[in-house]
Amino acid sequence: MTDPNTPPREPRYNKKYGYKEIPIGGMITDFMSSEEYKSGDWRTFRPIHIPEKCTHCMICWTLCPDSSIITKEAKFIEFDYYHCKGCGICAKECPFKAIDMKDEKEFRD
Amino acid sequence: MTQKRVAITGAQASANAMRQINPEVVAAYPITPQTDVMHAFAKFVADGKVDTELILVESEHSAMSACVGAAAGGVRAMTASAANGIALMWEIIYIAASNRLPITMNVVNRALSGPINIHCDHSDSMGCRDAGWLQFYSESAQEAYENTLMAQKVSEHPQVLLPSMVCQDGFITSHAVEVVDLLDDATVKNFIGNYTPKYPLLNYEQPMTSGPVDFYDYYFEHKKQQMDAMEKAKTVIHNVFNEFEKITGTHYDFFEGYQLEDAETVLVAASSSAGTIRVVVDKLRSQGKKVGLLKIRVFRPFNNELITKKLENAKAVAILDRSATFGGFGGPLFTEIRSAFYEKTKKPTIINYIYGLGGRDLTVELVQQAYSELEKPKQGPTVRTLGVRE
Numbered sequence: 001m002t003d004p005n006t007p008p009r010e011p012r013y014n015k016k017y018g019y020k021e022i023p024i025g026g027m028i029t030d031f032m033s034s035e036e037y038k039s040g041d042w043r044t045f046r047p048i049h050i051p052e053k054c055t056h057c058m059i060c061w062t063l064c065p066d067s068s069i070i071t072k073e074a075k076f077i078e079f080d081y082y083h084c085k086g087c088g089i090c091a092k093e094c095p096f097k098a099i100d101m102k103d104e105k106e107f108r109d
Numbered sequence: 110m111t112q113k114r115v116a117i118t119g120a121q122a123s124a125n126a127m128r129q130i131n132p133e134v135v136a137a138y139p140i141t142p143q144t145d146v147m148h149a150f151a152k153f154v155a156d157g158k159v160d161t162e163l164i165l166v167e168s169e170h171s172a173m174s175a176c177v178g179a180a181a182g183g184v185r186a187m188t189a190s191a192a193n194g195i196a197l198m199w200e201i202i203y204i205a206a207s208n209r210l211p212i213t214m215n216v217v218n219r220a221l222s223g224p225i226n227i228h229c230d231h232s233d234s235m236g237c238r239d240a241g242w243l244q245f246y247s248e249s250a251q252e253a254y255e256n257t258l259m260a261q262k263v264s265e266h267p268q269v270l271l272p273s274m275v276c277q278d279g280f281i282t283s284h285a286v287e288v289v290d291l292l293d294d295a296t297v298k299n300f301i302g303n304y305t306p307k308y309p310l311l312n313y314e315q316p317m318t319s320g321p322v323d324f325y326d327y328y329f330e331h332k333k334q335q336m337d338a339m340e341k342a343k344t345v346i347h348n349v350f351n352e353f354e355k356i357t358g359t360h361y362d363f364f365e366g367y368q369l370e371d372a373e374t375v376l377v378a379a380s381s382s383a384g385t386i387r388v389v390v391d392k393l394r395s396q397g398k399k400v401g402l403l404k405i406r407v408f409r410p411f412n413n414e415l416i417t418k419k420l421e422n423a424k425a426v427a428i429l430d431r432s433a434t435f436g437g438f439g440g441p442l443f444t445e446i447r448s449a450f451y452e453k454t455k456k457p458t459i460i461n462y463i464y465g466l467g468g469r470d471l472t473v474e475l476v477q478q479a480y481s482e483l484e485k486p487k488q489g490p491t492v493r494t495l496g497v498r499e
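Respectively, the protein sequence lines represent chains F and X.
Start counting the first sequence at 1; every next residue gets the next number (this note's numbering).
Start counting the second sequence at 110; every next residue gets the next number (this note's numbering).
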């Protein structure tokens with residue numbers, strides 16, 4: 001399972017920079033840096049995959065608004081918890097009830 | 110350097126400055142009394158005197174939005190507006206400053222509705238005083254022309270990168286024909302120089318995002334950068350004034366005194382009222398009265414240190430505000446200037462007049478009344494009105 005704290009690549013923005021260190025006007029000058037932004041910590045409910053029920057129909061992959069369903073060769077592999085905001089669309093739309101939404105509290109210390 | 114002496118209105122003077130700056134994009138929507146600026150500029154476009162893409166938009170909100178888009182793309186963008194037009198572009202006025210886009214806008218000051226009124230007061234630009242724009246106020250058509258050129262240069266300075274409002278009084282300046290000395294195009298071109306945008310969006314070799322969402326983790330830092338740029342703009346304005354003085358021979362300052370050195374009573378005003386006050390100063394001086402004038406040319410950034418130096422020798426000072434601050438303690442000029450004196454030991458008595466709202470004339474008699482009341486400044490309230498009927 002993808003570690004919810006592991007970014008897709010080395011993050012450059014974990015440090016909170018001072019006003020003299022950042023581009024003016026809110027400009028984002030680094031191409032494709034949004035990938036590094038951890039939207040996973042917005043999550044209140046965490047989707048849990050139930051492999052026994054999953055038929056790999058890919059409906060969750062089609063509907064996920066955050067591209068957080070990781071697949072390989074047309075098979076469900078795992079959720080990308082670094083980016084998944086826990087909206088629950090996947091669980092709601094899964095025809096086989098193969099995704100459960102659990103309270104995020106259960107996974108946090 | 111050659112100069113051409115012409116008889117034109119304030120609006121035409123601004124349009125000539127725009128012509129000489131030759132911005133890549135101008136987007137505007139007509140509103141009285143600004144319309145004459147764009148009328149004159151549109152003629153320059155039609156006659157092929159400029160290379161500008163003139164975008165005739167459907168509202169002032171769109172006018173400023175188009176300027177923001179063009180400036181973010183990396184080119185010079187200008188517009189002009191007044192009163193309700195400025196009110197309609199309000200949202201984008203803040204965005205232009207926050208995105209650090211050096212747009213120059215000619216503001217032809219007009220009272221905000223309602224009741225609806227098309228004549229001069231400063232409620233429109235004073236309402237924008239916290240938006241993050243530089244603000245230059247022009248006494249005459251000549252100053253409207255020169256301030257536009259200088260504002261453009263200040264705005265584009267790498268340490269500033271903030272938009273500018275260049276204000277002139279609606280009708281009083283914008284529609285009155287005055288003698289104006291225009292510089293030749295080559296001199297202006299050389300003074301303004303080439304514009305190199307800091308973050309041009311049209312550079313496909315380095316893709317960038319302009320105007321993204323900016324929450325509690327960085328918004329404050331970006332606001333601090335704006336405060337910082339305003340502070341740095343003080344030095345840049347000073348330097349640009351000096352540079353332009355070498356071309357025109359005119360001395361420019363944030364605040365310009367007239368008979369100020371030994372003046373005991375001083376009126377402070379922005380824009381065309383300064384001209385009226387000057388006449389009264391001459392008259393009262395000929396009667397031996399030690400009166401003076403301090404004209405506000407730059408209101409944003411507000412040079413608080415300098416203004417106390419200019420006024421500290423006076424006994425009594427009246428600040429003339431051509432906009433009301435309902436429920437506030439005096440008008441915008443008054444609160445800034447009086448606050449600047451708080452830590453000073455040497456300070457005059459400072460009172461406030463709200464005057465000239467909705468185009469009410471500031472007559473010679475009213476100015477004389479103000480000087481006369483200033484001899485006993487503590488008789489009467491600190492904040493008063495001038496020229497309103499009881």
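Here a beta-carbon is modelled for each residue, glycine too, at the ideal position from N, C-alpha and C.
All of these numbers come straight from a predicted model, not from anything done at the bench.
Cβ of residue i within 9 Å of any chain F Cβ
i, result
"His266 of chain X", "no"
"Asn226 of chain X", "no"
"Glu200 of chain X", "no"
"Lys343 of chain X", "no"
"Ala338 of chain X", "yes"
"Arg209 of chain X", "yes"
"Gln334 of chain X", "yes"
"Tyr328 of chain X", "yes"
"Tyr464 of chain X", "no"
"Tyr308 of chain X", "yes"
"His331 of chain X", "yes"
"Leu270 of chain X", "yes"
Option in the options with minimal Cα separation from residue i
i, options, result
"Glu421 of chain X", "X:Ala192, X:Tyr451 and X:Leu163", "X:Tyr451"
"Asp160 of chain X", "X:Phe150, X:Ala372, X:Thr118 and X:Glu167", "X:Phe150"
"Ala285 of chain X", "X:Gln121, X:Ala206 and X:Glu474", "X:Gln121"
"Glu370 of chain X", "X:Glu499, X:Met336, X:Lys419 and X:Met274", "X:Lys419"
"Lys16 of chain F", "X:Gln368, X:Asp326 and X:Val388", "X:Asp326"
"Ser481 of chain X", "X:Ile212, X:Val389, X:Ile405 and X:Thr417", "X:Val389"
"Gly439 of chain X", "X:Thr494, X:Leu402, X:Val400 and X:Ala191", "X:Thr494"
"Trp29 of chain F", "X:Met259, X:Lys485, X:Thr359 and X:Gly320", "For clarity, residue 29 of chain F is Thr in the given sequence; the question names Trp instead. Per the Cα distances, X:Gly320."
"Met101 of chain F", "F:Asp41, F:Pro47 and F:Trp42", "F:Pro47"
"Gly157 of chain X", "X:Leu291, X:Asn299 and X:Gln129", "X:Gln129"
"Phe195 of chain F", "F:Glu93, F:Ile89 and F:Phe96", "Outside the modelled stretch of chain F, which goes from 1 to 109, sits residue 195 of chain F, for which no answer is possible."
"Asp470 of chain X", "X:Leu243, X:Leu483, X:Val426 and X:Ile386", "X:Ile386"
"Ala136 of chain X", "X:Glu200, X:Ala206, X:Ala196 and X:Thr213", "X:Thr213"
"Ser247 of chain X", "X:Arg114, X:Phe364 and X:Gln112", "X:Phe364"
"Lys38 of chain F", "F:Ser68, F:Thr55 and F:Ile22", "F:Ser68"
"Val377 of chain X", "X:Gly236, X:Trp199, X:Leu429 and X:Ala479", "X:Leu429"
"Cys57 of chain F", "F:Trp42, F:Glu35 and F:Phe96", "F:Phe96"
For residue j and residue i, believed in contact at Cβ under 8 Å, the rounded distance
i, j, result
"Ala116 of chain X", "Val288 of chain X", "6 Å"
"Ser123 of chain X", "Ala253 of chain X", "5 Å"
"Val345 of chain X", "Val263 of chain X", "5 Å"
Beta carbon proximity, residue i to chain X, threshold 9 Å
i, result
"Pro23 of chain F", "yes"
"Gly26 of chain F", "yes"
"Phe76 of chain F", "no"
"Gly40 of chain F", "no"
"Tyr19 of chain F", "yes"
"Lys15 of chain F", "no"
"Thr29 of chain F", "yes"
Through-space distance from residue j to residue i, alpha-carbon basis
i, j, result
"Glu162 of chain X", "Tyr464 of chain X", "40 Å"
"Phe280 of chain X", "Ser381 of chain X", "10 Å"
"Tyr81 of chain F", "Tyr304 of chain X", "45 Å"
"Gly496 of chain X", "Phe435 of chain X", "18 Å"
"Asn461 of chain X", "Asn218 of chain X", "20 Å"
"Tyr19 of chain F", "Gly366 of chain X", "37 Å"
"Thr417 of chain X", "Ala423 of chain X", "10 Å"
"Leu271 of chain X", "Glu314 of chain X", "25 Å"
"Thr111 of chain X", "Thr359 of chain X", "15 Å"
"Ala186 of chain X", "Gly384 of chain X", "31 Å"
"Gln368 of chain X", "Leu402 of chain X", "7 Å"
"Val69 of chain X", "Asp66 of chain F", "The structure shown does not extend to residue 69 of chain X, since chain X is modelled only from 110 through 499, so no value can be given for it."
"Met27 of chain F", "Ser33 of chain F", "12 Å"
"Ser52 of chain X", "Glu445 of chain X", "Residue 52 of chain X cannot be examined here, being either before or after the span of chain X that is shown, 110 to 499."
"His228 of chain X", "His83 of chain F", "56 Å"
"Ala180 of chain X", "Asp362 of chain X", "28 Å"
Residue i CB to nearest heavy atom of the ligand MG below 8 Å
i, result
"Ala91 of chain F", "For the ligand MG, the structure offers nothing, since it holds no ligand at all."
For this session: Select from the stretch 236-255 of chain X all residues with a C-beta closer than 8 Å to any C-beta belonging to chain F, and list them in chain order.
Result: none
Exercise. For the stretch 312-323 of chain X, which residues have a CB atom closer than 8 Å to at least one CB atom of chain F, in sequence order?
Worked result: Under the 8 Å Cβ criterion, the stretch 312-323 of chain X contributes Gln315, Pro316, Met317, Thr318, Ser319, Gly320, Pro321 and Asp323.
Exercise. Which residues, taken in chain order from the stretch 437-455 of chain X, show a beta carbon closer than 8 Å to some beta carbon of chain F?
Worked result: none
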